[in-house]
Every structure is written in C-alpha cells, then in structure tokens.
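Have a look at the structure below before the remarks.
2 protein chains.
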Amino acid sequence: MSLTIYNSLSRKKEAFKPITEGEVKMYVCGPTVYDHAHVGHAKLYTSMDVIVRYLRHKGYRVTYVQNITDVGHILDTGEDRILKGARRDRIEPMQVVETYMRSYLDDMDALKNVRPDIMPRAAAHVPEQIEATQKLIELGHAYEANGSVYFDVKSWENYGRLSGRKIEDQESGGRIETRTEKRNPEDFALWKAAPPEHILQWGSPWGRGYPGWHIECTAMATKYLGETFDIHGGGLENMFPHNECEMAQSEAMTGKNYSNYWVLAGSLTIDGVKMSKSLGNSLRIADALKKYPAEVIRLFILSAHYRGPIDISDDAIAAAQKGWERLLGPYNQAQQMRSAGAAESDDSNIDAIIAETTANFTKEMDDDFNAPKAIAHLFDFVHKVNTILNGDAPVAASTLEKIIALYDELVEGVLGLVPSAAGNADENAADRQDGLIKLLIELRAAARINKDYATSDKIRDQLKELGVSLEDGKGDTKYRIAS
Amino acid sequence: MSLTIYNSLSRKKEAFKPITEGEVKMYVCGPTVYDHAHVGHAKLYTSMDVIVRYLRHKGYRVTYVQNITDVGHILDTGEDRILKGARRDRIEPMQVVETYMRSYLDDMDALKNVRPDIMPRAAAHVPEQIEATQKLIELGHAYEANGSVYFDVKSWENYGRLSGRKIEDQESGGRIETRTEKRNPEDFALWKAAPPEHILQWGSPWGRGYPGWHIECTAMATKYLGETFDIHGGGLENMFPHNECEMAQSEAMTGKNYSNYWVLAGSLTIDGVKMSKSLGNSLRIADALKKYPAEVIRLFILSAHYRGPIDISDDAIAAAQKGWERLLGPYNQAQQMRSAGAAESDDSNIDAIIAETTANFTKEMDDDFNAPKAIAHLFDFVHKVNTILNGDAPVAASTLEKIIALYDELVEGVLGLVPSAAGNADENAADRQDGLIKLLIELRAAARINKDYATSDKIRDQLKELGVSLEDGKGDTKYRIAS
Numbered sequence: 000m001s002l003t004i005y006n007s008l009s010r011k012k013e014a015f016k017p018i019t020e021g022e023v024k025m026y027v028c029g030p031t032v033y034d035h036a037h038v039g040h041a042k043l044y045t046s047m048d049v050i051v052r053y054l055r056h057k058g059y060r061v062t063y064v065q066n067i068t069d070v071g072h073i074l075d076t077g078e079d080r081i082l083k084g085a086r087r088d089r090i091e092p093m094q095v096v097e098t099y100m101r102s103y104l105d106d107m108d109a110l111k112n113v114r115p116d117i118m119p120r121a122a123a124h125v126p127e128q129i130e131a132t133q134k135l136i137e138l139g140h141a142y143e144a145n146g147s148v149y150f151d152v153k154s155w156e157n158y159g160r161l162s163g164r165k166i167e168d169q170e171s172g173g174r175i176e177t178r179t180e181k182r183n184p185e186d187f188a189l190w191k192a193a194p195p196e197h198i199l200q201w202g203s204p205w206g207r208g209y210p211g212w213h214i215e216c217t218a219m220a221t222k223y224l225g226e227t228f229d230i231h232g233g234g235l236e237n238m239f240p241h242n243e244c245e246m247a248q249s250e251a252m253t254g255k256n257y258s259n260y261w262v263l264a265g266s267l268t269i270d271g272v273k274m275s276k277s278l279g280n281s282l283r284i285a286d287a288l289k290k291y292p293a294e295v296i297r298l299f300i301l302s303a304h305y306r307g308p309i310d311i312s313d314d315a316i317a318a319a320q321k322g323w324e325r326l327l328g329p330y331n332q333a334q335q336m337r338s339a340g341a342a343e344s345d346d347s348n349i350d351a352i353i354a355e356t357t358a359n360f361t362k363e364m365d366d367d368f369n370a371p372k373a374i375a376h377l378f379d380f381v382h383k384v385n386t387i388l389n390g391d392a393p394v395a396a397s398t399l400e401k402i403i404a405l406y407d408e409l410v411e412g413v414l415g416l417v418p419s420a421a422g423n424a425d426e427n428a429a430d431r432q433d434g435l436i437k438l439l440i441e442l443r444a445a446a447r448i449n450k451d452y453a454t455s456d457k458i459r460d461q462l463k464e465l466g467v468s469l470e471d472g473k474g475d476t477k478y479r480i481a482s
Numbered sequence: 000m001s002l003t004i005y006n007s008l009s010r011k012k013e014a015f016k017p018i019t020e021g022e023v024k025m026y027v028c029g030p031t032v033y034d035h036a037h038v039g040h041a042k043l044y045t046s047m048d049v050i051v052r053y054l055r056h057k058g059y060r061v062t063y064v065q066n067i068t069d070v071g072h073i074l075d076t077g078e079d080r081i082l083k084g085a086r087r088d089r090i091e092p093m094q095v096v097e098t099y100m101r102s103y104l105d106d107m108d109a110l111k112n113v114r115p116d117i118m119p120r121a122a123a124h125v126p127e128q129i130e131a132t133q134k135l136i137e138l139g140h141a142y143e144a145n146g147s148v149y150f151d152v153k154s155w156e157n158y159g160r161l162s163g164r165k166i167e168d169q170e171s172g173g174r175i176e177t178r179t180e181k182r183n184p185e186d187f188a189l190w191k192a193a194p195p196e197h198i199l200q201w202g203s204p205w206g207r208g209y210p211g212w213h214i215e216c217t218a219m220a221t222k223y224l225g226e227t228f229d230i231h232g233g234g235l236e237n238m239f240p241h242n243e244c245e246m247a248q249s250e251a252m253t254g255k256n257y258s259n260y261w262v263l264a265g266s267l268t269i270d271g272v273k274m275s276k277s278l279g280n281s282l283r284i285a286d287a288l289k290k291y292p293a294e295v296i297r298l299f300i301l302s303a304h305y306r307g308p309i310d311i312s313d314d315a316i317a318a319a320q321k322g323w324e325r326l327l328g329p330y331n332q333a334q335q336m337r338s339a340g341a342a343e344s345d346d347s348n349i350d351a352i353i354a355e356t357t358a359n360f361t362k363e364m365d366d367d368f369n370a371p372k373a374i375a376h377l378f379d380f381v382h383k384v385n386t387i388l389n390g391d392a393p394v395a396a397s398t399l400e401k402i403i404a405l406y407d408e409l410v411e412g413v414l415g416l417v418p419s420a421a422g423n424a425d426e427n428a429a430d431r432q433d434g435l436i437k438l439l440i441e442l443r444a445a446a447r448i449n450k451d452y453a454t455s456d457k458i459r460d461q462l463k464e465l466g467v468s469l470e471d472g473k474g475d476t477k478y479r480i481a482s
C-alpha cells in the first residue's frame, strides 16, 4: 500500500516520499494563545492528529512539532493579540500566555490529540528570529526601515506560489502609518520597532522591537526539523498571508525547498456561519466537552474529509453521537461476552471480515487520509460483527479477541474513538450509583415487610462488602459510602 | 492578625511587609525538566503552594512566578542535565524538555498545586540573560575568558550573605579544565562557550554558547517581578550555590535588594535515606498518586513544618491516610445529612466552635505558615463536630452549612485536602457498579423463582431507567450499559 497526499503546493495528489526512509518530519502551525480555544481549533488539530496517528500506524517515526504563538501575531488593527488579551483580562501579557496556553494544552489532552514532540514558543526563539532576519537582509531579500525590517516580496519571484495569489492582488494588512516605510505595500514585517510602552520587546541590531508573526515558524521549523522537511500542516485559512510569507522567506533564506508537502485543513462553521467572537457564535472546546464525549466530537470532525469544511450544529453532533454508539456497540458487547466466558471455537468468518475491513480502511486512509470513507468501512464491519455476536451460534473467545484488537488498533489507535474503559464507566457510574443503591434499599424494605429476612440481610451484607453501609432511621434508611 | 515569616536571609522570623500594600510578588525556583518529578518535588512545590494559597486566603493579590529550567543546569561532571536526558532517551534535547515539562505540569495538577501565573523557561530568556551578563561585565563584577563569562565573587563583598559560607570554604563544582580560566576558583559561569557539537547554543557578544544555571533566575525574576520583589521560595538544598550566586549577581547588577524574604523548604528522605537515582530509591509523583489520593500525599507533606525535613515511608503514608479519613469524616457526613434533610434549628454551639477553629488555624498559619499546628486545630474541630453530628439532638441545616463552609475555606481552600466530589465518587462508583448490578440481577432471579413478577419487573424497569438493560440467556442474565 502506498500513501498519497494532496499537496496544496502542487494542487494535486502525490505519492508520499519522506526525505529519510521511515521517518517523517512534520510541522503544524499552532494557536495564538490569547483566548480559550474554540471548536474551530478542535477541527484543525484533530485533523492533524489523525494524520500523525495514521503515519505512526504505518510505521513511520514521526517528529511532530507544533508551535505556540505567544508574541508577534498582529491584528489588522495593528494590535498584538497577546497585548489585546492582557488589556482585556487586566493581567500581564505573559500571564495571558500562561493561562491560555495551559487551557489549550488541557483542551488538546481532553480531545485525545497526541502531544506533539516539541511545542516551541515564539517568544522563546527571538534570537533565532533575529538571525533569520539578518540573513535575509544579507541576501538582499529584506531591508530595514526606521528600526523595522521588511521582507521585499519583489525580490523573490516564487512569492505567491503556494496560494496562487499575484502581488498585484494583495493587501498588506499593515497599519497605514507603516505602509509609507515599505518599498511595496505587499512587503511584510520580519521585525517591528517597538514604541517604548510596548511591553513585549527585545534588543536587536535594529533597536528594540519584536518579531513579526510569520518569521517565527521559519525560525522554529528549521531549527527543529531542518531547512527542508516533509510535511507542513495548518489551516487553509492561514494559507495566505501566513504560510505564503513563511514559505517565501524560508526558501529565500536557505535557497532550498521548505516543506515538501503542504497539508492544509478546511475550516469549521457554526450553523452555516463562520465562527467569530464578534458574531457571538464562538463555541469553546471546554464547553463542547461538557456536553459531548471527546470521541463524539472527534467522530463528528472525522465525518468530513479533513480538507473540506464542516458545519457544526446540534443535529450534526446528535448524528455523530448516534453513529458513535453504533460504532462502539460490538466493542462493548465483545468485552462483556469475554468477561462472561465464551465458546472454545466458532464457525464465524471473522478472519476474512477483519482482513477485508483492515484492507479497506487502509486503502481509504492511504488516499489522502480519507477518514470518512475509512469510517464507512468500519460501519460495514459493525454490521457484520453484530450478526456474529447476536446470532444463535456460539462465539469463540478468539473471535472476541480479534474484534477487540481491531478496535484497539484502528478505531482507537488511528482515530481515537474508543473511550478509556475507566474514564467512561466512571462518569456514568457516579450518576447511576445513587439510583442503584436506592433501588436496593427499597427492595430490602419490601423484603423486611414480607418478613423475608434472609433477603434483607443479604442486601445489607452485600452492600457492606461493596463499601455501602445502611443506617436505618425513623421511617427511612440512609446510606453512607465508606471514604 | 499579622503574618510573620522566617527569613532565611536574616535567619529569624520577621513581620511580613510587602513592597506594595495588599500585593505579593513571589518567585520560586522550578524544576530542571530532564526526568520525571519525584516525591521530593512534591514536598517542595506543595509547601510553596500552601504558602501561596494562604497568602491569597489572607487577601493578598499574589503574582506567583515559577521557572522551568530547560537549559544550562550543569552537573558536577560538566554535563548539561538536558543533554544527559537526551542521550539517555535517544531523542532531541527539546523533546526531553517537552516530555518532562508536560509530565511535571501533569503531576502538579494532579497534586492540586495551583498553577503559577507565569512559568518562564530559561531557554526562552537567552537575550535577557545575555543582557544581565553584559551589565555585570560593565559594572566590573564579571569578566570574559575564552568565550565564557564568570562572576567575580571577590568583587562583591556580600557574596556568602545568604548561605553564610565564606569564600574560602567553597568548591566551585566546575570542570577542572575551566578552573584555570577563572580568577578565583569560586567564580561561577554566567555564560559558557559551547563546543561546536553542543546542540543547545546561541549567539552572544562572546561567541556561541549557552547561559549558566544561576543567571536564568535573575533574568526571569527581575523581568516579571521587578528588581526587588517580596518572596523568593525554593528548596534549602539549593541555597548554596544556586540561591547564593543568584542573589549576589542580582544585587551586584541592580545595586538593590533582590528578594526581601527568602522562604526555603526542607527536603524529603525515603525511609531515612536521601532519595537519589543512583540509590534506586526514587519515587515518582505519578507512581505515588497511583497508590494514594493527592490529598493523602498533601496531608503527609503538611504533617511536618515546611522548613523541616520529612521522611516518607509506607507507615508514614498509612498514618496520613488514616488522619485524612478522620479529617474528612464530618465533611462527608454533613453533606449526606444535608441531602437527607435537616432540622430547622439546633442548640449546638457551632458558631463558637467555628470562630475558635478559624482563629487558631489563622494564628498558626500566621506563624511562618505552621501547617502541622494548624491541622492539629482542625482535628480538634473534627472531634467537636463529630459530637454534634452523631448526638441525639437534631442538627440544623444552617449548622451543616457552616461546617461545610469551614471545610471549603480552610481544609480545601488553604490546604487542598478535600477531594472534588465528582472525582472521588466516580472512582469508587466504577468499582462498585458491577457488584450493585449483579446483586440486583440475583434478587430479580430470586423474585422470578418465587413468581413475584411485580418485583422482578420493577428491578428490570428501574435498571433500564438507569441505563442498564438486562438480557436473559440460557441459565443466566447479562447486563449491558447504554453507552
């Protein structure tokens, strides 16, 4: 089986060939940590997560780098996002970063996205960004103006190659007052001079200032993955200007290809509308996770191809929830049957079913990580296995093991859709416990009325063994859980 | 009430006066993230955590900065700890940092230590460390030699003030070959020239290299808290050379006091022996947490004064476990009584008991954060409240509320000893659920044998409402939990 990946740079599917056999170096643009992450981030990073998981499943040794932008992400208004967050929350900029970075890491853990191997932070790589900027000046691709440094887009003929935009089409997005110091309006900042009151500032050969947004990815990706690496992931919405500028400056600096494959994910809308704070329709990951298990959110995200957009709505999530329950049915049943004891052998054609499912799953995932199609084959599998598990014929222990192993390897290993037994059981068990105990107390009271003391004592004793002691009061019985 | 703190600098208890009324700026030396954290780290950071919690309880607005050492911590052998970890784990240095930093953050969360407001990383503050080093050279307190920079201890007469060591007593701990380039053997590195193969290196005015260990704390503490701040926390075992060097270079650089109070915690031994990897008696926090709830580990740590040493053993932890169960008894009981409904009023002297407990607790915590004595008053409280809760007289809802409020404020708020209801119930509930359901299935089978179909149907229906469906097979009944 060979993997093909749609390369946003060539705009076609290409056979995947890593630079070093068996290894993949992958960089993904991380979040700007000035606010809590929303479900749009869940879409992007879960898409990337499944790609990393699948590459590892195929046996590649993946080095997965995802940055944290904690300085330099300038809004169209000219404001730094982190400073904006600091003003809003009335705390220091680095407290903003700390709070929202930890919140983001918590969200990613809760969504079961595997942890990147390295998560470099932009503010932690100022010397590297200054070095990259100096190199670009030396090579004639950047120039200083009033303490700021800009990349000269006209000096690099490949500028626009990723996004397909021509220079004439473009708006710089910079502040009006800075445009006058640029040679071309499309030039973008590598380094910005800081006014004295700007808190986030460092010394540089051009005076005190702070790095531009795009240069951080160049500095950190090349530092940890080399000048040319295999896969650059991110969101389609950042293809321009961010990825375009990043690629131009990187290739101008090294004279080499930057990333061999650009793997960009489509975005997420809410009820058909782009999610944005100003529209008030932003849904935090943490809030979504209060309503749905992580696995349901993952299955919802994976129900569309990663490159496409997806629309989140209560109906869509409800459908994912139903699908997820159906998907996990045979897994739960096989585990219960296993613990209840199973037959020695059976006549099921489980080996053929597993081989077919695995082959189909792999074929689809090899085709540019087509998770929705791969999942469709898993539903075929569910259908066939349900017939085996619920039929009249005995089911062998080995059959149950094979079913569970497929879930462990593909459904959980690649897609992250099987809840950890403990975690899931806990949550429901806590809600259920009070009801179970009260029902037993009721049955005991009825037994005592019927003078069936054997039963009432049995209930009391067995509850005690389970750590639940009963206290009979006037008219009712309370229970107490041993702490 | 006024707070007194034992100041390791003056070696006496002093009334606490913050620089700015109502605010506390506090810096604590964080871990070097080259391996998993052990229970010695739990002792140190839980001690610091309770200090921060208590200061906030008293109404101070605390800015709590704790650094992460991810470069520059050189061992006596001359090895960088991070590089040592990288060689051991066969991964990149920054993967080492990522892995063990996340592991440390997980451990601290699991131990319920409140998150610091800012956790700056040494490798993220190389420019600041270079600037500090430059300043020290300009002021005549440091000198360059072969691309490295050393602090000249003889240029600073206050060197030795914190630890009380005289220069003659000291061993530099540096590599033998570097000693020849030092003016005095006690001089310590601010910047080290890097051999070309050294991976962690940056450009500097003295060539490529990396910062020394001590200078990171100076650079980060002054950056985030100012040149003089209120409290510097850490472990007594790092008083020399780390804190001594840190204070000397900071005060030499600014000409001002560095930290007004030095609050240093005693260390932890295992079965009477210092914990160390080479002795093979290192106990990871994560492993300890598999055996004991976080609250038990916290209570164990708080059973000795933070400045003193503490010895961990199975017996000591078992004692803490017992104490913790006794401590929480009235809390659990009051909550159960509340949910069962309580009397309108009672004759208990709860207000007096709460006032006395709070006053005693505060008096002890105000006396250099004497948690063990404060906890002893909580046990007196438990004794008195048990008498009220288990007496023959009715207990009012308001009494229950007051008891619960004291737990929330002091036992949990200051000491972090109350488990979250959900988390704790869950864990036991999951283990218990199978037993409860099987008991109900047994009772149902008995009812059916007795042709008591009202009871058997009731059990089946109520289980269904609780999300448990029964499937009768040949000879036995299986259950299935709705996912």
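Quick note, the sequences are listed as chains C and S, same order. Under numbering that gives the first Met the number 0, the first residue of the first sequence is numbered 0, with each subsequent residue one higher. Under numbering that gives the first Met the number 0, the first residue of the second sequence is numbered 0, with each subsequent residue one higher. From the three backbone atoms N, C-alpha and C, an ideal C-beta is built for every residue, glycine too. These numbers come from a predicted model, not from an experiment.
CA-to-CA, the gap between Arg306 of chain C and Thr356 of chain C works out to about 24 Å. Around the beta carbon of Glu215 of chain S, a 10 Å sphere encloses 16 or more other beta carbons of the protein chains shown; the residue is thus reported as buried. The beta carbon of Ile436 of chain C sits closer than 9 Å to some beta carbon of chain S. Non-local beta-carbon contacts of Lys83 of chain S in its own chain, meaning distances under 8 Å to residues more than five positions away in sequence, involve Tyr33 and Leu74 in chain order. The CB of Lys255 of chain S never comes closer than 9 Å to any CB in chain C; the least such distance is about 21 Å. Note on Ala358 of chain C: under 16 other CB atoms within 10 angstroms of its CB, so exposed under the neighbour-count rule. Assignment of Pro194 of chain S by DSSP, reduced to helix, strand and coil, places it in the coil class. Approximately 6 Å separates the beta-carbon atoms of Ser266 of chain C and Gly39 of chain C; this is inside 8 Å, confirming the contact.
The three-state reading of DSSP puts Phe378 of chain S in helix, counting H, G and I together. Cα atoms of Gly146 of chain S and Tyr406 of chain C: separation of roughly 57 Å, rounded to the nearest angstrom. Closest in C-alpha terms to Ile480 of chain C, from the list C:Ala141, C:Leu465 and C:Pro240, comes C:Leu465. Listed along chain S, no residue sits closer than 8 Å to Tyr452 of chain C by beta-carbon distance, the nearest being about 14 Å off. Non-local C-beta neighbours of Glu78 of chain S in its own chain, meaning closer than 8 Å and more than five positions away in sequence, are absent. In chain S, no part has a C-beta under 8 Å from the C-beta of Pro210 of chain C; the shortest such distance is about 11 Å.
Scanning chain C for C-beta atoms nearer than 9 Å to the C-beta of Lys477 of chain S yields Gln335, Met336 and Ala339, reported in chain order.
Secondary structure within the stretch 70-138 of chain S: the alpha helix (DSSP H) runs of 4 or more consecutive residues, fully enclosed, are 80-88, 92-109 and 125-137 (chain order).
In the DSSP assignment, Asp471 of chain C falls within the beta strand (DSSP E) that extends over Val467 to Asp471. For Leu301 of chain S, the enclosing alpha helix (DSSP H) has its first and last residue at Ala293 to Leu301. When secondary structure is reduced to three states using DSSP, Thr19 of chain S falls in the coil class, being assigned neither helix nor strand. In summary, Leu278 of chain S is exposed, with fewer than 16 beta-carbon neighbours lying within 10 Å of its beta-carbon over all protein chains present. Pairing Ile136 of chain C with Val148 of chain C gives a Cβ-Cβ distance under 9 Å.
By the Cβ rule, the stretch 194-212 of chain S does not count as touching the stretch 4-21 of chain S, because fewer than three pairs are nearer than 8 Å. The C-beta separation of Ser258 of chain S from Phe239 of chain S comes to about 16 Å, leaving the pair out of contact by the 8 Å criterion.
For Arg120 of chain S, the C-beta contacts it makes with chain C under 9 Å involve Arg120 and Ala123, in order along the chain. The Cβ-Cβ distance between Glu236 of chain S and Asp116 of chain C does not fall below 9 Å.
A distance of 9 Å or more separates the beta carbons of Leu438 of chain C and Gln334 of chain S. Taking 9 Å as the cut-off, the Cβ atoms of Ile284 of chain S and Ala41 of chain S count as close. Put simply, the CB of Tyr158 of chain C is far from chain S, with every gap to its CB atoms at 9 Å or more.
Residues of chain C with a Cβ closer than 8 Å to the Cβ of Tyr223 of chain S are, in chain order, Glu91 and Met93. In the structure shown, Asp270 of chain C adopts coil according to DSSP, grouped into three states. The Cβ of Pro393 of chain C sits no closer than 9 Å to any Cβ of chain S. The DSSP assignment places complete alpha helix (DSSP H) segments of no fewer than 4 residues inside the stretch 192-251 of chain C at 212-224, in order along the chain.
Just so you know, the alpha carbons of Leu377 of chain C and Asp367 of chain C end up roughly 18 Å apart. DSSP places Leu263 of chain C inside the beta strand (DSSP E), whose first and last residues are Ser258 to Ala264. The three-state secondary structure of Leu409 of chain S, taken from DSSP, is helix.
Taking 9 Å as the CB threshold, Ile73 of chain S stays off the interface with chain C.
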